[in-house]
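If you read the sequence shown in our numbering, its first letter stands for residue 37, the second for the next number, and so on.
In what follows, a single structure is set out as structure tokens and then discussed.
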Amino acid sequence: MSTRPVVLHLCGSAASDYYEGVSVVYATGCLEEIAEHGTYTNVLCIVHLDGSWSFPSNVSEAARSSAERVSMDQAVLKIKELNPSAVVPHMFCLPGMTAFRGFCDVMNIPLVGNPAAVMALSTNKWQTRAVVASHGVKVPEAEIVSIGEVPKMQPPFLIKPCNEDNSQGISLVRELSTLQNALDNAFQFDHELLVERYVPLGRELRVAVLEMDDMTLQLLPCIEYFLTEEDPIRTAEHKLVTDKSGKPVGLASGGRKCPADIDETLREKLRDLATRSHKALGCRDYSLYDVRVDPQGEPYFIEACLYCSFAPKSVVVAMAAQAGQDQRTVFEMLVNRAINRKKAAGTKAVGMKG
């Protein structure tokens, strides 16, 4: 019998086929990369839209489609039997980033990455920007609107669902004549919308910090996305390739560069933004931010993206690779840290708390 620690990879979605597709795309990249490492016994667990769970033998479509579906009660017993040393979350829907991470805590399984409470805060764009702004981070002017309301702000501005990721429902409003269509589109995803002043296109960056074992924060090399005045914001189409039904089946390719060409002045501004945001939000292990730099070189916090699937093409992993830390180094550092958190706390075996 193997004595390697069991690592549970929690995938799927309880919210939509779209987010199940996102989850499977990213989890596949991770599991295929770590399959040959031999450090852990990696177990795939998928939450399905109908409420059932499954534990495929591998990530292939054939294994996923033939795996037995079980109830949540049965899944809890299966997980207790597996006795995982840690769980890596690959769920990107709102319940997946909040309730299912909380489930892992209730089951007393150490979680790699940010805990449920931090994710719940970060998934609300209005609340997130309020918190980081209170800690000295520069954010664009904004307001919040509910169904039946219209923005007081004059264009140009962005309209975004408050609780939606992957740029779903986002629109750039340049003229009031397009406002209603933008509102109608965004309200399909949420009952509250963030209306945010459009920051003129200078540079579009992703900025991340990684917690090292000595608890210092390492600013990773940034990614720059190359946009144009005709296409000045990143939408869902820039990120994922979908099939005819709209379900994600792969990652989109596009113009980007890592490491981005960042001078020392901008680098220090980005370091300050990311460090303040990480601490303000209570992040753990790593954090990632969308940042817009205006033509004068001033960076603005746009939103927090506090998840990582640890696929080679995952943003945090790709950034770390440019700093000389490969996927295995980053993945195993954070999995081992999660395992050690439980050991240090002296907590009991896997099972319902209480």
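Beta carbons: idealized from backbone N, C-alpha and C, even for Gly.
Note that this is a predicted model, so its numbers are computed, not measured.
Three-state class that DSSP yields for residue i in the structure shown
i: K275; result: Bear in mind that a pLDDT of 49 at K275, under 50, signals an unreliable position, so the model cannot answer this.
i: S90; result: strand
i: S207; result: strand
i: P131; result: helix
i: G48; result: strand
i: A288; result: Any reading at A288 is ruled out, since the residue's pLDDT is 48, under 50, leaving its predicted position unreliable.
i: D321; result: coil
i: C198; result: coil
i: L342; result: coil
i: V112; result: helix
i: K188; result: coil
i: R105; result: strand
i: D330; result: coil
i: K174; result: coil
i: P41; result: coil
i: L302; result: helix
N-terminal and C-terminal residue of the beta strand (DSSP E) that residue i is part of
i: A122; result: A122 to P125
i: L80; result: T77 to V83
i: S182; result: A178 to S182
Host alpha helix (DSSP H) of residue i (start-end)
i: T164; result: K161 to A169
i: R373; result: Q363 to A381
i: A156; result: A152 to S158
i: S101; result: E97 to S102
i: E69; result: D53 to I70
i: N217; result: L215 to F223
i: Q358; result: V351 to Q358
Same chain, Cβ closer than 8 Å to residue i, neighbours up to 5 away in sequence not counted
i: D330; result: V235, P236, G238 and Y336
i: V43; result: Y76, T77, N78, V79, P120, S121, A122, V123, V124 and V371
i: L67; result: H45, N78, L80, N94 and V95
i: E265; result: L237
i: R312; result: V168, H171, G172 and V173
i: C344; result: G149, Y322, L324, S350, V351, V352 and V353
i: I180; result: W162, C198, E228, L229, L230 and V231
Own chain residues within Cβ distance below 7 Å of residue i, not counting five before or after
i: G19; result: Because the chain here runs from 37 to 390, residue 19 falls outside it and cannot be looked at.
i: E200; result: F225 and D226
i: N356; result: It should be pointed out that residue 356 corresponds to Ala in this sequence rather than to Asn. Here the set comprises L246, L256 and V366.
i: Q163; result: L157
i: F91; result: V79, L80, C81, A103 and K114
i: T64; result: V95
Contact belief for residue i with residue j at Cβ below 8 Å, rounded distance in angstroms
i: V123; j: L46; result: 6 Å
i: L317; j: V167; result: 6 Å
i: P197; j: R210; result: The Cβ separation is near 19 Å, so there is no contact.
i: H314; j: L253; result: 6 Å
i: C294; j: Q358; result: 6 Å
i: L241; j: V327; result: 5 Å
Residues near residue i in its chain [Cβ-Cβ closer than 6 Å; skip 5 each side]
i: Q363; result: E69, P348 and V353
i: P268; result: L237
i: F367; result: F346
Residue i: CB within 8 Å of a non-hydrogen atom of the ligand HEM
i: L370; result: In the structure on display, the ligand HEM does not appear, and there are no ligands present to speak of.
Complete beta strand (DSSP E) runs within the stretch 227 to 272 (minimum length 3 residues, chain order):
228 to 233, 239 to 247, 253 to 255 and 259 to 261
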